[in-house]
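*Asks:* My questions all concern the structure below.
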Amino acid sequence: HRDPDMLVKTLRRLRRRVDVNTEVGVVRDIRLKELRIYTDYGRCSRPLFIVEKQRLLIKKKDIQALQQRET
Numbered sequence: 001h002r003d004p005d006m007l008v009k010t011l012r013r014l015r016r017r018v019d020v021n022t023e024v025g026v027v028r029d030i031r032l033k034e035l036r037i038y039t040d041y042g043r044c045s046r047p048l049f050i051v052e053k054q055r056l057l058i059k060k061k062d063i064q065a066l067q068q069r070e071t
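Encoded structure:
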């Protein structure tokens, strides 16, 4: 791909919008010139906070909505 950085950003954006399954993993290894896409289910995953322009994207209302879903 001519612009692997853009490809990774696009795949991650699609995953965040759930256009691509949220369990799909995207890893770019610059040293090996590889882009790995993991699609195996059942992998351990952890929540990550997304930061853009040095600001968290998650808001207090998002956390409250998650808490309400748990009860």
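Sequential numbering from 1 applies to the sequence shown in UniProt numbering.
Glycine included, every Cβ here is placed at the ideal spot set by N, Cα and C.
Remember, predicted model here, so these are calculated numbers, not experimental data.
#1: Nearest by alpha-carbon distance to M6: which of V26, K60 and F49 is it?
#2: I'd like to check one pair, V20 with L14: are the Cβ atoms closer than 8 angstroms?
#3: Which residues mark the beginning and the end of the alpha helix (DSSP H) in which V24 is found?
#4: What residue range does the beta strand (DSSP E) around R36 cover?
#5: Between which residues of its own chain and I23 is the CB-CB distance below 8 angstroms, once the five residues before and five after are set aside?
#6: Would DSSP call L56 helix, strand or coil?
#7: Quick one: what's got a C-beta closer than 6 angstroms to H1's C-beta in the same chain, skipping five residues either side?
*Replies:* Let me lay it out:
#1: V26
#2: Taking 8 angstroms as the Cβ cut-off, L14 and V20 qualify as a contacting pair.
#3: DSSP places V24 in no alpha helix (DSSP H); its state is neither H nor E.
#4: E34 to Y38
#5: It should be pointed out that residue 23 corresponds to Glu in this sequence rather than to Ile. Contacts found: T39, Y41, R43 and S45.
#6: Of the three classes helix, strand and coil, the one that applies to L56 here is strand, per DSSP.
#7: L7
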